[in-house]
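In the working numbering, the protein residues as written are -17 to 296. Every residue gets a Cβ at the ideal spot worked out from N, C-alpha and C, and that includes glycine.
Right, dumping it as structure tokens:
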């Protein structure tokens, strides 16, 4: 026992000396990682997941990528899934595949940038399944250009798809959720909505707006004493094809991995989720470092580089 105590004591003494020799910025980085992993270790896991059976889930951008993966996962949980997408043929293929496997699903063609189109889609789902109890605002686009190269029409469309459409869908479905005191609104944002990055000015700005919308909505519902839940998802680059050509220091996330994490967040009513979890330290770094030092960190971690080789979807 004394030998074990001695080894533990020596370990902490050695770690303390090494830590004291670090620069201020290095201490902040190490401290951030330590605080994050301590938080994860202490986080309670006693909460029971909610049952999604017979929930009516309206998913935008669900004909491909994360939305498609989510549709399959939610259907397997017993949910009634609404495949909403501007691409009618692809949406119908997903819905047909689900119904062929015995699940409940319908496809609805919808341009989420059009309020009229959203209203038509809303009426269709109400007539078929009823009022959605879970809304997943997943549709998104990216231009991947420097601000001097982006046509203003492209900027406007990015905002319409990535955030204005959220207002359209939320205003359609939230009133009934509030009336029933039950529901869940999921915002698929991005880490680019936490940290503004090179050649992503329009995309980052739209995702910052989506993050702000989620936070304001959450507090608005809290102020009303509502039981309607909100979840904001902030993933790293995902290999859906939207960011083709991008070269990252760590591997891109697989869409099925991201979808499974989103499903978990919905079942446990998590409020803000970073994917992967290990990148949560970014929040701490941003809070502790000066603007100049945080910019140096981004440059040193090659965060400026990935979008230089961006190609995007054909």
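Secondary structure of residue i, DSSP reduced to three states
i, result
"residue 225", "coil"
"residue 195", "helix"
"residue 69", "coil"
"residue 91", "strand"
"residue 183", "helix"
"residue 254", "strand"
"residue 100", "helix"
"residue 177", "coil"
"residue 107", "helix"
"residue 220", "strand"
"residue -11", "Note on residue -11: pLDDT 46, under 50, position unreliable in the model; the coordinate value appears next. If DSSP states are grouped into helix, strand and coil, residue -11 belongs with the helices."
"residue 26", "At residue 26, the pLDDT of 46 sits below 50, so the modelled position is not reliable; the number obtained from the coordinates is stated separately. Coil, per DSSP."
"residue 34", "coil"
"residue 292", "coil"
"residue 206", "helix"
"residue 151", "helix"
"residue 85", "coil"
"residue 124", "coil"
"residue 171", "coil"
"residue 129", "coil"
"residue 234", "coil"
"residue 77", "helix"
"residue 161", "helix"
Any chain C beta carbon closer than 8 Å to residue i
i, result
"residue 219", "This model lacks chain C altogether; it includes just one protein chain."
Range covered by the beta strand (DSSP E) that runs through residue i
i, result
"residue 211", "211 to 217"
Contact under 8 Å by Cβ, residue i with residue j
i, j, result
"residue 42", "residue 119", "yes"
"residue 160", "residue 215", "no"
"residue 240", "residue 247", "no"
"residue 97", "residue 150", "yes"
"residue 84", "residue 292", "no"
"residue 237", "residue 68", "no"
"residue 140", "residue 184", "yes"
"residue 218", "residue 257", "yes"
"residue 103", "residue 89", "no"
"residue 250", "residue 29", "yes"
"residue 173", "residue 271", "no"
"residue 232", "residue 177", "no"
"residue 76", "residue 45", "yes"
"residue 179", "residue 285", "yes"
"residue 123", "residue 105", "no"
"residue 253", "residue 213", "yes"
"residue 274", "residue 208", "no"
"residue 192", "residue 148", "yes"
"residue 167", "residue 117", "yes"
6 Å Cβ shell around residue i - same chain, five flanking residues per side excluded
i, result
"residue 63", "39, 53, 56, 57 and 87"
"residue 165", "115, 159 and 210"
"residue 190", "175"
"residue 128", "181"
"residue 113", "158"
"residue 99", "92 and 93"
"residue 199", "212"
"residue 137", "184"
"residue 110", "88"
"residue 206", "none"
"residue 234", "219 and 221"
Per DSSP, the bridge partner or partners of residue i
i, result
"residue 166", "116 and 211"
"residue 42", "66"
"residue 266", "In the DSSP output, where bridge partners are listed per residue, residue 266 has none listed."
Range covered by the alpha helix (DSSP H) that runs through residue i
i, result
"residue 237", "237 to 249"
"residue 279", "273 to 282"
"residue 145", "Taken as a continuous stretch (DSSP letters only), residue 145 belongs to no alpha helix (DSSP H), as it is neither H nor E."
"residue 141", "134 to 141"
"residue 48", "47 to 58"
Cβ shell of residue i (< 7 Å), same chain only, five flanking positions each side left out
i, result
"residue 26", "Low confidence applies here, because residue 26 scores a pLDDT of 46, under 50, leaving its location unreliable; read the following figure in that light. Nothing listed; no residue qualifies."
"residue 60", "34, 35 and 36"
"residue 300", "Residue 300 is absent from the structure shown; the chain starts at -17 and stops at 296."
"residue 142", "95"
"residue 276", "267 and 268"
Contacting residues, own chain, Cβ-Cβ under 8 Å from residue i (five flanking each side not counted)
i, result
"residue 146", "95"
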